[in-house]
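>
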Amino acid sequence: MEKGMMEKNLTIRPEGKKDYMAIRRLIQDAFDPMPFSTGKEWQLVESIRASKGYINELALVAELGGKMVGHVLVSEIALDGKTSMIPVLILSPVSVSPEFQREGIGQKLCQRAIEEARKTDYPVMIVIGDPRYYQRFGFRPAFPEGVYLPFGFEEEYLQMMKLEENALEKVSGAIQFPPWFFDARGELL
Ligand SMILES: CC(C)(COP(=O)(O)OP(=O)(O)OC[C@H]1O[C@@H](n2cnc3c(N)ncnc32)[C@H](O)[C@@H]1OP(=O)(O)O)[C@@H](O)C(=O)NCCC(=O)NCCS
1 MEKGMMEKNL TIRPEGKKDY MAIRRLIQDA FDPMPFSTGK EWQLVESIRA
51 SKGYINELAL VAELGGKMVG HVLVSEIALD GKTSMIPVLI LSPVSVSPEF
101 QREGIGQKLC QRAIEEARKT DYPVMIVIGD PRYYQRFGFR PAFPEGVYLP
151 FGFEEEYLQM MKLEENALEK VSGAIQFPPW FFDARGELL
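What follows is the structure, given as structure tokens:
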């Protein structure tokens with residue numbers, strides 16, 4: 001579809017119960033070709049959805065002429081700030097149907113999620129992903145700000161964005177993945 005048309009017809013809205021099966025398929029289709037995929041991204045979404053970290057206003061679907069073409073989930077996670085736990089947001093995952101990728105849908109979904117996140121009281125949003133993609137939205141390396149991962153990932157993939165002024169003074173510590181980020185075998189989803 002020609003780009004101007006696509007932009008006119010793209011609607012972004014919070015997900016609802018009737019969308020759940022289509023979202024599962026969309027996430028599977030989007031991640032299936034990715035070499036880094038765990039194959040469990042859809043399970044992460046469903047696990048977060050059933051948890052107290054879920055925020056419906058920050059779980060968005062993109063539709064094009066009534067067809068679901070994209071999904072993004074932003075939810076609550078915490079930093080272990082030593083003296084207290086600091087609630088923050090995490091953007092994960094974002095999915096666009098393979099046949100609609102590279103048309104700006106992922107960008108629009110992320111931008112809307114960020115806009116909605118700024119309406120909340122959370123100081124920052126983090127993301128674990130390719131800096132070449134996420135920097136365009138204003139995400140920057142988190143490690144230099146004292147925010148890090150407790151295990152396993154390369155630090156360059158951990159990025160963070162301020163949602164309010166002076167946010168960086170308020171946050172530091174290791175990311176505490178809550179129980180709903182793990183499968184029954186204790187592996188990260
Ligand atoms: C990543 C994804 C959500 C991007 O959505 P999209 O609608 O295709 O992206 P947009 O059209 O908004 O942006 C396209 C730009 O992103 C870049 N891009 C897309 N995927 C990228 C990736 N994995 N790493 C780096 N850059 C990427 C493209 O090169 C393009 O850049 P350009 O405009 O400078 O050429 C989508 O490709 C997707 O669902 N991928 C499979 C699932 C995935 O990898 N999710 C992200 C990890 S959580």
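Start counting the sequence shown at 1; every next residue gets the next number (full-length UniProt numbering). Glycine is no exception: its CB is placed at the ideal position from the N, C-alpha and C atoms.
Taking its Cβ as the centre, do 16 or more other Cβ atoms sit within 10 Å of PHE181, making it buried, or is it exposed?
buried
> Ligand 1 and ILE105: does any heavy atom of the ligand fall closer than 7 angstroms to the residue's C-beta?
yes
> DSSP state of ALA142, grouped into three classes?
coil
> Residues in its own chain within less than 8 angstroms of LYS52 by CB, not counting five upstream and five downstream?
Correct list, in chain order: GLU76.
> How is VAL45 classed by DSSP in three states: helix, strand or coil?
Under the three-state reduction of DSSP output, VAL45 falls in the helix class.
> Assuming GLU57 and PRO14 make a contact with CB atoms under 8 angstroms, what is their CB distance in whole Å?
6 angstroms
> Hey, would you say the C-beta of GLN101 is under 7 angstroms away from at least one heavy atom of ligand 1?
yes
> For GLN135, does the count of other Cβ atoms within 10 angstroms reach 16, so buried, or fall short, so exposed?
exposed
> I need the straight-line Cα distance from GLU41 to ILE23, nearest angstrom please.
C-alpha separation (whole angstroms): 11 angstroms.
> When you compare the CB positions of LEU73 and ILE48, do they come within less than 8 angstroms of one another, or not?
yes
> Is it right to say LEU188 is buried, meaning 16 or more other beta carbons lie within 10 angstroms of its own, or is it exposed?
Here LEU188 is exposed. Its C-beta has fewer than 16 other C-beta atoms within 10 Å.
> Which residues in the same chain have their Cβ closer than 7 angstroms to the Cβ of GLY106, if we skip the five residues on either side of it in sequence?
GLY70, VAL94, VAL96
> Can you tell me which of the three DSSP states LYS17 falls into?
helix
> Among GLU169, ARG140, ASP130, GLU154, whose alpha-carbon lies nearest the alpha-carbon of MET34?
ASP130
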